[in-house]
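The structure appears below as structure tokens.
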Amino acid sequence: MKSVYKNSTLGLLKASFVALTFTATLSSCSKDFLNLSPELSIPEENMFDTPERIITHVQGLYASAKDGRLMAGRYYIYNDIRAEEFINRTSNGVTGLAVYNHTNNETTTQVNNFWSQAYLTINRANKFLEDFDKHPGVVSAELEANYRAEAKFVRAWMYYALVHMFAKPYVLDNGASPGLPLRLKAESSSENNALPRSTVAEIYAQILSDLNDAEEGLPNTYSGDLQITRAHKNTAIALKTRIYLAMGDYANVIAEGNKMVNASAPFKATTGVPHELSSNVQAIFTTYKTLENILSMPMADTNAPGTQNQIGYYYNGGAGGNIEYYLNNSTGDFPGIYTNGQWGANDARRTLLTGTEAVGTTNYPILTKWSGTAPFIDWVPVIRYAEILLNVAEAEAEIGDQGRALALVNAVHNRSDATTTISSSGKDDLISKILTERRIELLGEGFRSPDLLRRGEAIPSYGAGSSITPSAGSYIFPIPVGESESNPEI
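First residue of the sequence shown: 65, per this note's numbering; consecutive thereafter.
Below is the structure:
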């Protein structure tokens with residue numbers, strides 16, 4: 065009997081590897097790319113017969129990553145609520161309470177869902193790469209390279225999301241700890257479930273291999289919104305700066321960053337998409353389409369991430385928001401960045417991107433970066449140019465030019481607060497101020513826990529009421545029960 069691909073997601077196997085269906089569900093204003101009409105039932109041997117069908121597969125990779133359990137919401141939320149920036153208001157077990165309290169275990173639904181969706185996306189990338197190789201010549205050689213590069217970019221992105229959450233940080237032992245099952249072949253059954261974990265170092269090596277290939281094959285730019293919603297050369301370079309920073313490889317952070325950050329202010333990418341800081345920090349989260357936005361997850365009324373996956377639902381009040389988590393304004397054992405003196409009263413990030421919402425007689429300080437109303441279709445920023453400047457600033461402060469590091473961090477700071485300038489009394493003070501600026505600039509965008517873990521630091525958990533040290537069981541997420549039951553070698 066013929067194998068048939070249908071336009072629906074097949075049920076997940078226990079190990080989360082399925083026969084692929086690529087669906088055109090990644091919606092945005094880019095009508096030419098994101099709203100292609102999927103065909104309902106196509107024989108497997110004809111899935112790559114036309115350029116239109118091939119681009120639908122490419123769309124499906126981003127769509128799979130953009131699932132609400134993954135990059136449309138929960139990834140960023142989990143990585144922020146584990147530390148001290150937010151306080152839970154509702155005690156709602158569905159909206160990450162166990163993650164917040166550090167009581168999540170291998171059976172926690174959120175843990176299993178995140179792992180399964182990430183590996184499903186990896187398998188989709190693997191499936192695309194294998195099947196695409198069997199159908200040469202349908203599109204130009206340039207597009208073939210482009211599409212393969214996008215698949216490798218998505219695979220690298222997913223492996224990074226998994227390795228920094230489910231494995232010990234690279235810096236603790238140079239990546240010698242157990243990492244993840246490294247699956248690079250498409251799976252459509254449980255036949256190859258048994259696979260031991262590769263080391264953290266091996267996972268990072270594969271991520272960098274994929275990103276290097278992606279940089280080579282991706283175009284310099286796209287037209288219109290696609291330069292924000294699809295990976296191009298600078299997207300791969302930008303993610304590499306994040307990866308090298310996670311490894312503590314500061315020399316390569318600088319080397320990669322220099323490809324898109326010039327030597328001195330004003331800082332701007334001089335090749336590919338001309339990324340630069342937006343003059344209006346609020347525009348990044350309202351128009352979504354500034355030159356600062358390197359990669360974003362687009363949303364639409366018909367393609368929202370789901371009520372309890374949407375970032376705005378967690379952090380906003382007003383129409384449809386529930387203030388699941390509000391900004392930590394305490395000054396006790398675990399003070400949040402909201403009370404830090406480096407974040408001035410006149411800073412635009414405070415005046416434009418935070419607010420106060422009353423619930424009953426209590427006023428809660430809230431983050432308003434995602435300021436839309438239900439169903440909260442605010443685009444989710446994955447990579448911004450401000451992050452790249454801060455990545456390079458930190459690396460320069462650690463091993464390089466401290467003057468350039470200071471100029472980079474002040475470029476980010478002065479964009480929102482021109483009345484104050486960061487100064488430094490030495491290397492340690494400069495690094496501390498750069499890390500503080502990251503907390504201010506990237507608040508709510510999923511960086512707090514990764515920044516702590518990559519430096520081997522304890523997590524000051526407001527939810528747990530304690531500092532979670534690297535030796536603690538809850539420092540990283542546990543391998544989900546679905547994986548351990550189906551993979552005897554995990």
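Glycine residues also receive a C-beta, built at the ideal position from the N, C-alpha and C atoms.
### Task
Taking 8 Å as the threshold, find out whether the region 145–155 comes into contact with the region 171–184 through three or more Cβ pairs.
With the cut-off at 8 Å, the region 145–155 and the region 171–184 do not touch.
### Query
Along the chain, which unbroken stretches of the beta strand (DSSP E) at least 3 residues long are found entirely within the region 246–311?
Qualifying beta strand (DSSP E) stretches, in chain order: 261–263.
### Three-state secondary structure (DSSP) of residue 109
Your numbering for residue 109 matches position 45 in the sequence shown. Residue state, collapsed to three classes: helix.
### Residue nearest to residue 467 in terms of C-alpha spacing, selected from 392, 490, 198, 524
Translated into the one-based positions of the sequence shown, residue 467 becomes position 403. Minimum Cα distance to residue 467 is reached at 490.
#### Entry: Distance, residue 430 Cα to residue 407 Cα
For the purposes of this step, residue 407 is taken as the residue at position 343 of the sequence shown. For the purposes of this step, residue 430 is taken as the residue at position 366 of the sequence shown. Rounded to whole angstroms, residue 407 to residue 430 spans 15 Å at the Cα level.
### Message
Pairs of beta-carbons, one from the region 343–354 and one from the region 117–130, closer than 8 Å: are there three or more?
### Response
At 8 Å Cβ cutoff, the stretches do not touch.
### Task
Answer yes or no: do residue 342 and residue 444 have a C-beta to C-beta separation smaller than 8 Å?
On the sequence shown, position 278 is the one that residue 342 refers to. On the sequence shown, position 380 is the one that residue 444 refers to. Result no, Cβ atoms of residue 342 and residue 444 do not sit closer than 8 Å.
### Query
Applying the criterion that 16 or more other CB atoms from any shown protein chain within 10 Å of the CB defines a buried residue, is residue 214 buried or exposed?
Here the question's residue 214 lines up with position 150 in the sequence shown. By the 10 Å Cβ count, residue 214 comes out buried.
### Query
Mind pulling the beta strand (DSSP E) runs of 3 or more residues that sit fully within the region 144–232?
Taken in chain order, the whole beta strand (DSSP E) runs of length 3 or more contained in the region 144–232 are 150–152.
### Query
According to the neighbour-count rule (16 or more other Cβ atoms, all chains shown, within 10 Å of its Cβ), is residue 299 buried or exposed?
The residue you call residue 299 lines up with position 235 of the sequence shown. Buried, because 16 or more other Cβ atoms sit within 10 Å of the Cβ of residue 299.
### Query
To which residues of the same chain is residue 217 closer than 8 Å at the C-beta, ignoring the five residues directly before and after it?
Counting from 1 along the sequence shown, the entry for residue 217 is found at position 153. So the qualifying residues of the chain are 274, 275, 278, 282, 295, 299, 300, 303.
### Query
Do residue 133 and residue 165 have their CB atoms nearer than 8 Å?
Within the sequence shown, the letter at position 69 stands for residue 133. Within the sequence shown, the letter at position 101 stands for residue 165. It is not a contact, given that the beta carbons lie outside the stated cut-off.
### Query
Can you tell me whether residue 403 is buried or exposed, with buried defined as 16 or more other CB within 10 angstroms of its CB?
Within the sequence shown, residue 403 is the residue found at index 339, counting from 1. Exposed: under 16 other Cβ atoms inside 10 Å.
### Task
Count the other CB atoms, across all protein chains shown, that sit within 10 Å of the CB of residue 561; report buried if there are 16 or more and exposed otherwise.
Outside the displayed span of the chain (65 to 554) sits residue 561, for which this structure offers no information.
#### Entry: Bridge-paired residues (DSSP) for residue 546
Here the question's residue 546 lines up with position 482 in the sequence shown. Note: residue 546 sits in no beta bridge, so no partner.
### Query
Which whole-angstrom value is the C-beta distance of residue 452 and residue 321, which I expect to be below 8 Å?
Within the sequence shown, the letter at position 388 stands for residue 452. Within the sequence shown, the letter at position 257 stands for residue 321. Residue 452 to residue 321, Cβ: 6 Å. Contact.
### Message
By the three-class DSSP mapping on this structure, what secondary structure does residue 560 have?
### Response
Outside the modelled stretch of the chain, which goes from 65 to 554, sits residue 560, for which no answer is possible.
#### Entry: Rounded separation between residue 268 and residue 378 - CA only
As a first step, residue 268 must be located in the sequence shown, where it is residue number 204. As a first step, residue 378 must be located in the sequence shown, where it is residue number 314. The straight-line gap from Cα to Cα measures roughly 31 Å.
#### Entry: Cα-Cα separation between residue 286 and residue 266, rounded to whole angstroms
As a first step, residue 286 is located in the sequence shown; it is residue number 222 there, counting from the start. As a first step, residue 266 is located in the sequence shown; it is residue number 202 there, counting from the start. Taking the straight line joining both Cα atoms gives about 32 Å.
### Message
Rounded to the nearest angstrom, what separates residue 458 and residue 498 at their Cα positions?
### Response
Residue mapping note: residue 458 aligns to position 394 of the sequence shown, counting from 1. Residue mapping note: residue 498 aligns to position 434 of the sequence shown, counting from 1. Each residue's CA atom was taken as its position, placing residue 458 and residue 498 some 6 Å apart.
### Message
When you compare the region 189–197 with the region 249–256, are there three or more beta-carbon pairs, one atom per stretch, that lie closer than 8 Å?
### Response
These segments touch.
### Rounded straight-line distance, which links the Cα of residue 521 to that of residue 534
Residue mapping note: residue 534 aligns to position 470 of the sequence shown, counting from 1. Residue mapping note: residue 521 aligns to position 457 of the sequence shown, counting from 1. The C-alpha of residue 534 lies about 7 Å from the C-alpha of residue 521.
### Query
Are residue 168 and residue 513 touching if we call contact CB-CB under 8 Å?
Locating residue 168 in the sequence shown gives position 104, counting from the first residue. Locating residue 513 in the sequence shown gives position 449, counting from the first residue. Result no, Cβ atoms of residue 168 and residue 513 do not sit closer than 8 Å.
### Task
Kindly list the residues whose CB is nearer than 7 Å to the CB of residue 405, restricted to its own chain and excluding five residues on each side of it in sequence; keep chain order.
Here residue 405 refers to the residue found at position 341 of the sequence shown. Once the five neighbours on either side are set aside, residue 405 has no close Cβ partner at all.
### Query
For residue 470, does the three-state DSSP call read helix, strand or coil?
In the sequence shown, residue 470 corresponds to position 406, counting from 1. The three-state secondary structure of residue 470, taken from DSSP, is helix.
### Task
Could you have a look at residue 552 and say whether DSSP puts it in helix, strand or coil?
By one-based count along the sequence shown, residue 552 stands at place 488. Coil at residue 552, not helix or strand.
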